[in-house]
Amino acid sequence: NVQRVRARVQNKGHFVDPSIVVRRYHKSMQQIIEVAPKVKALYLFDNSEAHYKRIASLRKAGARDEQNIILNAPLPMWSKQIINDLINQKIPNHETAQVIEEAREGKNMTKIDRIQSH
Numbered sequence: 002n003v004q005r006v007r008a009r010v011q012n013k014g015h016f017v018d019p020s021i022v023v024r025r026y027h028k029s030m031q032q033i034i035e036v037a038p039k040v041k042a043l044y045l046f047d048n049s050e051a052h053y054k055r056i057a058s059l060r061k062a063g064a065r066d067e068q069n070i071i072l073n074a075p076l077p078m079w080s081k082q083i084i085n086d087l088i089n090q091k092i093p094n095h096e097t098a099q100v101i102e103e104a105r106e107g108k109n110m111t112k113i114d115r116i117q118s119h
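Each residue of the sequence shown is one higher than the last, beginning at 2 in my numbering.
In structure tokens, the structure reads:
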């Protein structure tokens, strides 16, 4: 995000202090964790390049609010912690850990795992 602001300034865009960018980043990551239990669907996008890309989808469905997790590998470095936090927040289990590990390894595939919420 800081690099995007620098590039924007070079193109005569407005400046935002790097400390504000960092603070907003951490605040938005915390807000994702807080809102996740309250929504039926949550999508994470990587907009660090010219074309944004959906990197993760979390959806609840069914009478028991089963959670579907879809990861689009390879995951950008910044996303790994927030995805771990989202998964561990509600559904800490071995199958989910395997999905994350495969995404970390950069396997170029979409993984879908259906897991019970607590």
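Glycine residues also receive a C-beta, built at the ideal position from the N, C-alpha and C atoms.
Quick caveat, the model's predicted, so the values are computed rather than measured.
8 Å Cβ cutoff, Q31 in contact with chain D: Considering every chain present, this structure includes no chain D. It has just one protein chain.
Nearest neighbour of R60, chosen from N85, R9, Q68 [CA to CA]: Q68
Element boundaries [beta strand (DSSP E), containing E67]: 67-73
Environment of A51 [buried if 16+ CB atoms lie within 10 Å]: exposed
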